[in-house]
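Enquirer: Residue numbers (our numbering), protein chains in the order written: chain Z, 1 to 139; chain Y, 1001 to 1402. The structure follows.
Structure (structure tokens):
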């Protein structure tokens, strides 16, 4: 198996894929990606913390028109994770029909290979799939 | 000593639409000259110039001076996303409030009729070369379409859907209804880019851009300019009575940005800054939503207008759909919203939009809106929302003199 890399720096792949917050040491505010300082309190020290991989679908759209090179249609979503932070990602393994998507439904993170570079390195991206509440309780 | 009240004594906009033979300077000059003519003042009277454009030439203000008169006055070139025009006007407003100038000119311009969809990002790094982390998120590929969307229709679709999720009484059908309302309103507006009414079915069945936004629910990409001449209260009292009678009072001019909230800034927060700007504007003007005779709000997409009914306090929390269903925001309703046709139909030349909204409300307050006049309008509100986010709210009142 070739080398793999997270598509963004807040997706950690090992030992298992997880989204990772930058957390302000001073006030606990959570962010994605590189920070200069905290937008809440101005603190400059941060530590990382794993985010939960389950949450609730808060918003979605089905994009039919995008820039050249972006395959359409796709379902874009805003998910509220179970630590009350929000993340932008695609909804995966669903029918691209608004009637098949329910606001407020439980979702779980999953990963997929988004592309491979000229050296064979795979870029791994994340998305969310719908889960039944019962299924989640049993897992 | 309290700051002086600021008045609008001249305000005009070019027709919105395709101006293939005019550049930004042509359009801005035309709007500025018309506003000066409306005020019965000359460029030599102007002591400060605020010039707004988002995608136009740098130093727009100085380029306009080359056509209007190089009088050596201070110029502020303003770029503030969809709040650009309102911010340019507010630059002039605050300069007059500070006492540094008595008379100022604000101009907003944009040419967008040949632009494509905004916010589509740059996917050029997709599947090429060796992955190298870049940018604040260390992305190795363009993330558009892989980690959600950053297109404007997609962002605002989600902003609208988030409201539906929070308040279950509101439905996707309300978005279609809003687009039908605004396209219907524009039929009476000779300055509007589009003037064709559409049924709810036609809107729903039009080409989908980002569900639920169809092409008829998105801002029209438009060319246009708008300009306003502002004066201090003491200067107003030295102007002819005819000018004083047509003057429009700026009872509140507010600019806010989105404060930090725990949502990690993933979905741009267009709500909090609008709520805070509206609350501040109502307090400054000493009026409430029930006093408003008309509103021009930032309907960049049909999915945005609904939640701003709520953000501007026009309805009870969560009751935006009921407010729409009651007929209130229609031109014959209790609080007409976007009687110009709104950004969806009149058009959205970004730098001009914030001043054009003020033009619309001011024209009704002056009783000069012709066929589309809202009878008896005494107080009006304008709202623009720049993604990122910036919100500007102005409350305007008609002159009570003479």
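Even for Gly, the Cβ is constructed at its ideal location relative to N, Cα and C.
For the segment 1106-1177 of chain Y, list the alpha helix (DSSP H) runs that are entirely contained and at least 4 residues long, ordered along the chain.
Expert: List check, alpha helix (DSSP H) in window: 1152-1166.
Enquirer: Any chance the segment 1069-1089 of chain Y sits against the segment 118-126 of chain Z, with 3 or more Cβ pairs inside 8 Å?
Expert: No, they do not touch.
Enquirer: Could you check whether residue 1164(Y) and residue 91(Z) sit closer than 8 Å to each other, using their CB atoms as the reference points?
Expert: Translated into the one-based positions of the first chain, residue 91(Z) becomes position 91. Translated into the one-based positions of the second chain, residue 1164(Y) becomes position 164. No, Cβ-Cβ distance for residue 91(Z) and residue 1164(Y) is not below 8 Å.
Enquirer: What span of residues does the alpha helix (DSSP H) with residue 1361(Y) cover, start to end?
Expert: Your numbering for residue 1361(Y) matches position 361 in the second chain. Per DSSP, residue 1361(Y) belongs to the alpha helix (DSSP H) from 1350-1365.
Enquirer: For the beta strand (DSSP E) containing residue 1026(Y), list its first residue and its last residue.
Expert: On the second chain, position 26 is the one that residue 1026(Y) refers to. Per DSSP, residue 1026(Y) belongs to no beta strand (DSSP E); it is in the alpha helix (DSSP H), 1024-1039.
Enquirer: Which residues does DSSP pair with residue 1076(Y) in a beta bridge?
Expert: One-based indexing of the second chain puts residue 1076(Y) at position 76. Looking at the DSSP assignment, residue 1076(Y) forms a beta bridge with 1050(Y).
Enquirer: Within 10 angstroms of its Cβ, does residue 1058(Y) collect 16 or more other Cβ (buried), or is it exposed?
Expert: Against the second chain, residue 1058(Y) aligns to sequence position 58. By the 10 Å Cβ count, residue 1058(Y) comes out exposed.
Enquirer: I think residue 1341(Y) touches residue 1182(Y), with their Cβ atoms under 8 Å apart; what is that distance to the nearest whole Å?
Expert: Here residue 1341(Y) corresponds to residue number 341 of the second chain, with the count starting at 1. Here residue 1182(Y) corresponds to residue number 182 of the second chain, with the count starting at 1. Right, the Cβ-Cβ distance comes to about 6 Å (below 8 Å), so this counts as a contact.
Enquirer: Among the candidates 1288(Y), 1327(Y), 1332(Y) and 1349(Y), whose CA atom is the shortest distance from the CA of residue 1380(Y)?
Expert: On the second chain, position 380 is the one that residue 1380(Y) refers to. For the residues 1288(Y), 1327(Y), 1332(Y) and 1349(Y), the minimum Cα distance to residue 1380(Y) belongs to 1288(Y).
Enquirer: Of all Cβ atoms in chain Y, is any one closer than 8 Å to the Cβ of residue 50(Z)?
Expert: Your numbering for residue 50(Z) matches position 50 in the first chain. No, because no Cβ of chain Y sits closer than 8 Å to the Cβ of residue 50(Z).
Enquirer: With a CB to CB cut of under 8 Å and the five nearest residues on each side skipped, what residues in its chain are close to residue 48(Z)?
Expert: Residue mapping note: residue 48(Z) aligns to position 48 of the first chain, counting from 1. Hits under 8 Å: 20, 21, 22 and 23.
Enquirer: For the segment 94-119 of chain Z, list every residue whose C-beta sits within 8 Å of some C-beta in chain Y, in sequence order.
Expert: Per Cβ criterion, the list reads 98, 103, 104, 114, 115, 116, 117, 118 and 119.
Enquirer: In chain Y, which residues lie with their C-beta within 8 Å of the C-beta of residue 71(Z)?
Expert: The count along the first chain starts at 1 and reaches residue 71(Z) at position 71. Going along chain Y in sequence order, the residues near residue 71(Z) (Cβ under 8 Å) are 1145.
Enquirer: Assuming residue 1255(Y) contacts residue 1390(Y) (C-beta within less than 8 Å), just tell me the rounded distance between them.
Expert: Looking up residue 1255(Y) in the second chain gives position 255. Looking up residue 1390(Y) in the second chain gives position 390. That belief holds up - the Cβ atoms of residue 1255(Y) and residue 1390(Y) are roughly 7 Å apart, short of 8 Å.
Enquirer: So, residue 1281(Y) versus residue 1247(Y), is the Cβ gap smaller than 8 Å?
Expert: On the second chain, residue 1281(Y) is found 281 positions in, with the first residue counted as 1. On the second chain, residue 1247(Y) is found 247 positions in, with the first residue counted as 1. Taking 8 Å as the Cβ cut-off, residue 1281(Y) and residue 1247(Y) do not qualify as a contacting pair.
Enquirer: How far does the alpha helix (DSSP H) with residue 1098(Y) in it extend, from its first residue to its last?
Expert: Within the second chain, numbered from 1, the residue matching residue 1098(Y) stands at position 98. That residue, residue 1098(Y), is in no alpha helix (DSSP H); it is neither H nor E in DSSP.
Enquirer: Around the Cβ of residue 1259(Y), are there at least 16 other Cβ atoms within 10 angstroms (buried) or fewer (exposed)?
Expert: On the second chain, position 259 is the one that residue 1259(Y) refers to. Counting Cβ neighbours within 10 Å, residue 1259(Y) comes out exposed, since fewer than 16 surround it.
Enquirer: In angstroms, rounded to a whole number, what distance separates the CA positions of residue 27(Z) and residue 1262(Y)?
Expert: Mapped onto the first chain, residue 27(Z) falls at position 27. Mapped onto the second chain, residue 1262(Y) falls at position 262. Approximately 11 Å, taken between the alpha carbons.
Enquirer: Do residue 1130(Y) and residue 1032(Y) count as a contact pair if the criterion is CB distance below 8 Å?
Expert: Taking the second chain and counting its residues from 1, the one referred to as residue 1032(Y) is at position 32. Taking the second chain and counting its residues from 1, the one referred to as residue 1130(Y) is at position 130. No.
Enquirer: Buried or exposed: where does residue 11(Z) fall if 16 or more other Cβ atoms within 10 Å of its Cβ makes it buried?
Expert: In the first chain, counting from the first residue as 1, residue 11(Z) sits at position 11. Buried is the call here.
Enquirer: Just to check my reading of the structure: residue 1353(Y) and residue 1343(Y) have Cβ atoms closer than 8 Å, yes? What is that Cβ distance to the nearest angstrom?
Expert: In the second chain, the residue the question calls residue 1353(Y) occupies position 353. In the second chain, the residue the question calls residue 1343(Y) occupies position 343. Yes, residue 1353(Y) and residue 1343(Y) are in contact; Cβ-Cβ is about 7 Å, under 8 Å.
Enquirer: Excluding five sequence neighbours on each side, which residues of the same chain lie with their C-beta closer than 7 Å to the C-beta of residue 62(Z)?
Expert: For the purposes of this step, residue 62(Z) is identified with residue 62 of the first chain, where counting begins at 1. Hits under 7 Å: 73, 75, 96 and 98.
Enquirer: Would you list the one or two residues that DSSP bridges to residue 90(Z)?
Expert: Counted from its first residue, the first chain places residue 90(Z) at position 90. Residue 90(Z) pairs with 76(Z) and 127(Z).
Enquirer: Where in the segment 1243-1312 of chain Y do unbroken runs of the beta strand (DSSP E), each at least 3 residues long, occur, reported from the N-terminal end onward?
Expert: Listed in chain order, they are 1248-1257 and 1294-1296.
Enquirer: My output table needs one value for residue 16(Z): the three-state DSSP class, helix, strand or coil.
Expert: As a first step, residue 16(Z) is located in the first chain; it is residue number 16 there, counting from the start. Coil, per DSSP.
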